[in-house]
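Chains as they are written, first to last, in the numbering used here: chain Y, 1 to 14; chain F, 15 to 271. Presented below is the structure to which this report refers.
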Amino acid sequence: SRLQPEMKLFFRAR
Amino acid sequence: MFEARLVQCSMLKKVLEAIKELLNEATFDCSDAGIQLQAMDNSHVSLVSLNLRSDGFDKYRCDRNLSMGINLASMTKIMKCAGNDDVLTIKAQDNADNVMFMFESQNQEKVSDYDMKLINLDQEHLGIPETDYSCIIKMPSGEFARICRDLSQFGESVVISCTKEGVKFSAAGDVGAANIKLAQTANVDKEEEAVTIEMQEPVTLTFACRYLNSFTKATALSPQVQLSMSADVPLVVEYKIGDFGHIRYYLAPKIEE
Numbered sequence: 001s002r003l004q005p006e007m008k009l010f011f012r013a014r
Numbered sequence: 015m016f017e018a019r020l021v022q023c024s025m026l027k028k029v030l031e032a033i034k035e036l037l038n039e040a041t042f043d044c045s046d047a048g049i050q051l052q053a054m055d056n057s058h059v060s061l062v063s064l065n066l067r068s069d070g071f072d073k074y075r076c077d078r079n080l081s082m083g084i085n086l087a088s089m090t091k092i093m094k095c096a097g098n099d100d101v102l103t104i105k106a107q108d109n110a111d112n113v114m115f116m117f118e119s120q121n122q123e124k125v126s127d128y129d130m131k132l133i134n135l136d137q138e139h140l141g142i143p144e145t146d147y148s149c150i151i152k153m154p155s156g157e158f159a160r161i162c163r164d165l166s167q168f169g170e171s172v173v174i175s176c177t178k179e180g181v182k183f184s185a186a187g188d189v190g191a192a193n194i195k196l197a198q199t200a201n202v203d204k205e206e207e208a209v210t211i212e213m214q215e216p217v218t219l220t221f222a223c224r225y226l227n228s229f230t231k232a233t234a235l236s237p238q239v240q241l242s243m244s245a246d247v248p249l250v251v252e253y254k255i256g257d258f259g260h261i262r263y264y265l266a267p268k269i270e271e
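Shown next, in the form of structure tokens:
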């Protein structure tokens with residue numbers, strides 16, 4: 001099965 | 015003070031439809047340039063980015079930057095009171111804790127105004143880096159909605175695989191497996207019916223059906239949708255909004271456990 005990563009893994013908080 | 019006038023208020027109704035399944039509340043950031051919104055869904059898996067340029071409005075005035083925290087269920091209640099052909103004016107004072115929506119019928123014989131309380135939201139803005147995507151697919155938005163709906167019957171995930179020849183959407187589960195292939199259209203009468211692919215490198219990524227289906231609530235905003243993909247980065251699903259700008263949805267691809 002596959003995991004669903006969160007958006008923060010890709011885009012940094014500004 | 016802030017004031018924005020929109021002759022066809024159906025656009026805002028459609029925008030609301032396009033975001034209210036993913037978001038319970040959101041901050042509308044108003045500036046001289048226009049109205050922007052960026053928010054993650056509750057599970058922080060997808061991100062919505064809306065941009066409505068000021069020059070798309072029939073009248074637009076924003077003296078000071080204003081962030082309006084809005085409960086989208088409340089806004090939906092108010093927007094339901096507007097006729098599709100009504101002229102909409104949104105007004106707020108600087109530092110106000112409320113916003114006013116005014117609807118005028120075309121013949122100006124009926125004028126309604128609704129005052130809505132604003133809410134304080136902890137907004138977390140993410141920086142979205144400029145990305146050169148390996149594949150950019152443009153296709154009819156209705157077709158994309160249909161594919162997402164059809165495939166969600168077969169599994170929780172959709173695999174999108176793009177090559178120069180075309181794009182393949184696949185799902186598999188207890189029922190069996192489903193594959194939908196779209197080739198680039200050779201020649202079409204209408205531009206909006208075209209499927210076009212710009213490919214630097216072939217890409218195959220897996221996404222959660224549920225979110226893709228939520229994104230397709232924006233279908234009414236544009237006849238075409240653009241999917242941008244690169245390995246190991248979020249998919250971008252973009253719908254243009256006429257003269258205004260766009261709504262973009264970002265969805266992180268699923269990764270191997």
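Note that the Cβ used here is the ideal one computed from N, Cα and C, for glycine as well.
Could you give the first and the last residue of the continuous beta strand (DSSP E) run that contains residue i?
i                 : result
Cys-44 (chain F)  : 39-45
Gln-127 (chain F) : The sequence given here has Asp at residue 127 (chain F), not Gln. Looking at the DSSP string, the run of the beta strand (DSSP E) that includes Asp-127 (chain F) is 125-131.
Glu-252 (chain F) : 249-255
Thr-218 (chain F) : 217-222
Ala-18 (chain F)  : 16-20
Ile-118 (chain F) : One detail in the question is off: residue 118 (chain F) reads as Glu in this sequence, not Ile. Element bounds for Glu-118 (chain F): 112-118.
Gly-259 (chain F) : 259-265
Is the shortest distance between the beta-carbon of residue i and the beta-carbons of chain Y less than 7 Å?
i                 : result
His-139 (chain F) : yes
Thr-220 (chain F) : yes
His-58 (chain F)  : yes
Met-243 (chain F) : no
Ala-266 (chain F) : yes
Ile-269 (chain F) : yes
Met-116 (chain F) : no
Leu-61 (chain F)  : yes
Met-54 (chain F)  : yes
Pro-248 (chain F) : yes
Residue i to residue j, Cα distance in whole Å?
i                 : j                 : result
Leu-86 (chain F)  : Asn-79 (chain F)  : 21 Å
Lys-73 (chain F)  : Val-209 (chain F) : 36 Å
Leu-265 (chain F) : Pro-154 (chain F) : 20 Å
Ile-192 (chain F) : Ser-184 (chain F) : It is Ala, not Ile, that sits at residue 192 (chain F) in the sequence shown. Each residue's Cα considered, the two are about 6 Å apart.
Glu-206 (chain F) : Thr-199 (chain F) : 11 Å
Leu-226 (chain F) : Cys-162 (chain F) : 7 Å
Ala-96 (chain F)  : Phe-117 (chain F) : 6 Å
Phe-16 (chain F)  : Val-29 (chain F)  : 20 Å
Leu-9 (chain Y)   : Gly-48 (chain F)  : 29 Å
Gly-259 (chain F) : Asn-65 (chain F)  : 5 Å
Asp-111 (chain F) : Asp-136 (chain F) : 15 Å
Ile-151 (chain F) : Ile-142 (chain F) : 20 Å
Lys-6 (chain F)   : Asp-246 (chain F) : Nothing in the structure corresponds to residue 6 (chain F), since chain F is present only between 15 and 271.
Ile-211 (chain F) : Cys-176 (chain F) : 8 Å
Val-251 (chain F) : Lys-131 (chain F) : 31 Å
Gln-50 (chain F)  : Glu-123 (chain F) : 32 Å
Leu-165 (chain F) : Val-189 (chain F) : 11 Å
Asp-127 (chain F) : Thr-218 (chain F) : 50 Å
Lys-27 (chain F)  : Lys-231 (chain F) : 12 Å
Gln-240 (chain F) : Tyr-253 (chain F) : 7 Å
Which residues of chain B have a Cβ atom closer than 8 Å to the Cβ of residue i, listed in chain order?
i                 : result
Ile-142 (chain F) : Of the protein chains in the structure, Y and F, none is chain B.
For the alpha helix (DSSP H) that residue i lies in, which residues bound it at each end?
i                 : result
Ala-87 (chain F)  : 86-93
Tyr-106 (chain F) : The sequence shown places Ala at residue 106 (chain F), rather than the Tyr named in the question. Element bounds for Ala-106 (chain F): not the alpha helix (DSSP H) but the beta strand (DSSP E), 101-106.
Ser-24 (chain F)  : 24-33
Ordered list of beta strand (DSSP E) runs contained in the stretch 143-215 of chain F, each at least 3 residues: 149-154, 171-176, 180-186, 191-197 and 210-213
Contiguous alpha helix (DSSP H) assignments of at least 4 residues, all confined to the stretch 48-85 of chain F: none
The stretch 161-193 of chain F: positions lying closer than 9 Å to chain Y by Cβ: Ser-171
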